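**Q**
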Amino acid sequence: MDLASNEDNTVNLQAQGSKKTMMKKLTTPLLAPYKATPISLFSDYDIYLFKKGTHYNLYDKLGCHLLKWKGKKGAYFAVWAPNAQSVSVIGSFNGWNPKTNPMSLREDQSGIWETFIPGVAKGDLYKYHIVSKADGGVHVKGDPFAFLWEVPPKSASMVWNLEYTWLDKEWMDNKTKRNGLNSPWNIYEVHLGSWKRKLEENNRFLNYREIALLLASYVKEMGYTHVEFLPVMEHPYYGSWGYQTLGYFAPTSRYGFPQDFMFLIDYLHRNGIGVILDWVPSHFATDGHGLGVFDGTHLYEHADPRQGYHPDWGSYIFNYGRYEVKEFLISSARFWFEKYHVDGLRIDAVASMLYLDYSRKPGEWIPNKYGGNENLEAIDFLRTLNETLYKEFRGIQLIAEESTAYPMVTRPTYVGGLGFGFKWNMGWMHDSLFYFSLDPIFRKYHQNRLTFSAWYAFQENFILSLSHDEVVYGKGSLLRKMPGDNWQKFANLRALFSYQFFFPGHKLLFMGGEFGQWDEWYHEKSLDWHLASEGLHGQLCSMVKYLNFLYKSEKALYGNNFSPKGFCWIDFSDYEKSIISFMRRSADGKEHILCVFNFTPVPRENYIVGAPFKGYWKMIFNSDAPEYGGSGIGNSLGKEAVSLAWQGQPYSLSLTLPPLACLAFKKIHEDQPEN
């Protein structure tokens, strides 16, 4: 924030998701100089934990906290700046004068500065004025632990509290069941600033409370189990989509206040929808009011740019070997579970954390102490993060976006794994999109690209993601990636979604994909919602909705995703016709779903597919159904398996395979009622 911009002693709380500019006139005049006081929220045990590197709820101690002391209402401030010569709190309450409210350095070598300032109230703006011992310079910084920041591009921290009455007890009491590894996870990925906007009001953002009502209704109607938000943590540059974070303890003020974001999560929970947040401990923004060179030294980042600067994103890299940094990051992750009731965090860019030479040429990185390229400190941090959070919070999940073949990402730390719950299956995503983008005439030469992921599908607990990363930067939307004329594009996309839903692994789809958005995603505009109910777009959306409900109702599809017992090939050798088939099984072995795919536009009559059981197989899905925009070619309501051994199975079905389509059949056993 420009220090000269507060001469009128007024706080501008313009939230772009609101119709009005919310103005708060300060309730007190500029405060008189006040001597730093010895008040502290830190006990001796807190300092012991802090120095040991195991204090993981620092948000209750550091930062700004409204309280009453000796009969006076005000705010306690605490900041870690071990290399500072002096620190003062400057703000709207003291005319941004560094001489008015100096802080006291604790005498326990913790590097923590503290003070209590009476008269400070909710909504007041503040920063830290730091004079460095290292360079003698002045560094004006926001609060690393602030609960709220001004709407960017302004950059002051804001005095706030986190008081809120939660109404999601039923959800919280059943978190373990809802969020278990073998519960259905069908995730709708959302960017809050562009899911919907008010076009008639100058294309403004929706605020958190407006989003809550609309999003909960839509997601519930569509049958998704969870939403995943691109980073909501405060970030200076909107165009980073949140991935260049600075406010690790604050939801962005672009859409409202902390209690508004709490309401969004609360309301989603009350509608049976889980909430995952993208969280970025891999790097952070270099803006001058942020964490970088915080007290004139490299506190949070490495000093050597070969370790502390990310060449791809122009951002700083955390120093994971410093215990205070580990505490800061683990406290941040813990904060969102404790204070905001979230169900999961997806950790972004894990590969960039694991490897010292990530996106670097020889000579641009420093080997570890053994001469290797593994970032040992980051690996230790990730294991500690996962161990700590899974121990303290039941019914949560931590998800890794890890783009390499690093082993045992989702295996427990006690067997040498990183300890995550889930991992995005980037290999499946890349291979599937490559295959489906091919003209069907060439697919027979590349069928292995589609089937290869089955060979490693159970090495990790995978989520099959079709995320925002695949529909930006000139890559085109999912629909535009598909080959052929208009009808064939939709048929191919229906086949892709079908393959995603029936293949082992939980599911994730970025907003707009469900109705076949033509344009690639752009963060400055709303999705093209007029398409969602039109023609083939609306029919595609209807199919996705059906698949969503089918997925979470069939144990064979969600309950055995991470065991090879839940999947077996029927046949993947018919390269010439580009046809594959496989079986999905429930964990108890009682439910079986046979999936058959024809990836060419040529219908196939009397195509024989092996089956493990005789009797009736009910057709539960046809992506070529007329109601989904297909041709209607199919097999009526089902098929009877006959005693003809085929493809290694004792029985077989004679099927008509529609063009560019998927068929799914469920075995109806004699003692199993049809549903």
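Reading the sequence shown from the start, the letters are residues 259 to 933 in the numbering used here.
For each residue, glycine too, the CB sits at the ideal point set by N, CA and C.
Note that the structure is predicted; figures quoted are calculated from it, not measured.
Confirm, please, whether the CB-CB distance from Ile534 to Arg604 is below 7 Å.
**A** yes
**Q** Following the continuous alpha helix (DSSP H) through Asn706, name the residue where it begins and the one where it ends.
**A** 705-709
**Q** Between which two residues does the alpha helix (DSSP H) holding Leu473 run?
**A** 466-480
**Q** Taking Val228 as part of the beta strand (DSSP E), name the residues at either end of that continuous run.
**A** Because the chain spans 259 through 933 in this model, residue 228 falls outside it and cannot be assessed.
**Q** Measuring straight from C-alpha to C-alpha, what distance separates Met480 and Ala869?
**A** 32 Å
**Q** Judging by CA-CA distance, which residue of Gly621, Thr503, His527, Phe855 is the nearest neighbour of Trp571?
**A** Thr503
**Q** Give the single residue among Pro670, Asp382, Ile388, Phe678 whose Cα lies nearest to the Cα of Glu408.
**A** Taking the Cα of Glu408 as reference, the smallest distance to any Cα among Pro670, Asp382, Ile388, Phe678 is reached at Asp382.
**Q** Across which residues does DSSP place His484 in a beta bridge pair?
**A** Ile445, Gly532
**Q** Where does Met740 fall in DSSP's three states?
**A** coil
**Q** Suppose the cutoff is 7 Å on Cβ atoms and the five residues either side in sequence are ignored; what does the same chain contact list for Leu425 look like?
**A** Asp524, Arg528
**Q** Below 6 Å CB to CB, which residues in the same chain sit around Leu805 once its five sequence neighbours on both sides are set aside?
**A** Phe759
**Q** Below 8 Å, how does it come out for the region 383-392 and the region 327-342: are there three or more Cβ pairs, yes or no?
**A** yes
**Q** Rounded to whole angstroms, what is the Cα-Cα separation between Glu421 and Leu526?
**A** 19 Å
**Q** Which of the three DSSP states, helix, strand or coil, is assigned to Glu898?
**A** strand
**Q** In three-state DSSP terms, what is Lys783?
**A** coil
**Q** Roughly how many angstroms separate the alpha carbons of Arg701 and Ser511, rounded to a whole number?
**A** Distance from the CA atom of Arg701 to the CA atom of Ser511, rounded to whole angstroms, is 48 Å.
**Q** If you drop the 5 nearest sequence neighbours on each side, which residues of the same chain put their C-beta closer than 8 Å to that of His541?
**A** Gln502, His568, Trp571, Ser573, Tyr574, Ile575, Phe576, Ala607, Ser610
**Q** Taking just the CA atoms, how far does Ser590 sit from Tyr558?
**A** 14 Å
**Q** List in chain order: all unbroken beta strand (DSSP E) runs of 3+ residues lying wholly within the region 606-680.
**A** 655-658
**Q** Using only the alpha-carbon positions, how far apart do Val337 and Arg467 sit?
**A** 32 Å
**Q** If Lys993 and Asp601 are in contact, beta carbons under 8 Å, what's the gap, nearest whole angstrom?
**A** For the chain, the structure presents residues 259 to 933; residue 993 sits outside this window and is missing.
**Q** Whole-angstrom Cβ separation of Phe716 and Phe820, contact assumed at under 8 Å?
**A** 6 Å
**Q** With 16 other CB atoms within 10 Å as the buried threshold, where does Asn750 fall?
**A** buried
**Q** Assign Arg752 to one of two classes, buried (16 or more other C-beta atoms within 10 Å of its C-beta) or exposed (fewer than that).
**A** buried
**Q** Using 8 Å as the threshold, is the region 625-639 in touch with the region 683-694, meaning 3 or more CB pairs across them?
**A** With the cut-off at 8 Å, the region 625-639 and the region 683-694 do not touch.
**Q** Suppose contacts are defined by Cβ-Cβ distances below 7 Å. Is Leu794 in contact with Phe748 by that definition?
**A** Judged by beta-carbon spacing, Phe748 lies within the 7 Å limit of Leu794, meaning their Cβ atoms are closer than that value.
**Q** Rounded to a whole number of angstroms, what is the C-alpha to C-alpha distance between Pro917 and Arg707?
**A** Distance between the alpha carbons of Pro917 and Arg707 is about 20 Å.
**Q** Please classify Asn806: does DSSP put it in a helix, a strand, or coil?
**A** helix
**Q** When the Cα atoms are used, what is the spatial distance from His788 to His927?
**A** Cα to Cα, the separation comes out at about 44 Å.
**Q** Measuring CB atoms only, is the region 831-840 touching the region 877-887, in the sense that at least three cross pairs come out at less than 8 Å?
**A** no
**Q** At what residues does the beta strand (DSSP E) containing Leu913 begin and finish?
**A** That run of the beta strand (DSSP E) goes 909-915.
**Q** Let me know if Asp366 comes out buried or exposed under the rule of 16 or more other beta-carbons within 10 Å of its beta-carbon.
**A** exposed
**Q** How long is the line joining the alpha carbons of Met280 and Lys380, rounded to whole angstroms?
**A** Note that Met280 scores 35 on pLDDT, short of 50, meaning its location in the model is unreliable; the coordinates nonetheless yield the value given after this. Note on geometry: alpha-carbon atoms of Met280 and Lys380 lie some 14 Å from one another.
**Q** Does Ala561 pass the burial test, meaning 16 or more other C-beta atoms within 10 Å, or should it be called exposed?
**A** Exposed is the label assigned to Ala561, since fewer than 16 other Cβ atoms lie within 10 Å of its Cβ.
**Q** Within 10 angstroms of the Cβ of Leu399, are there 16 or more other Cβ atoms? Answer buried if so, exposed if not.
**A** The sequence shown places Lys at residue 399, not Leu. Lys399 should be labelled buried.
**Q** If Trp682 sits next to Ser735, beta carbons under 8 Å apart, how far is it from one beta carbon to the other, in whole angstroms?
**A** Their Cβ separation, rounded to whole angstroms, is 20 Å, which puts Trp682 and Ser735 out of contact at 8 Å.
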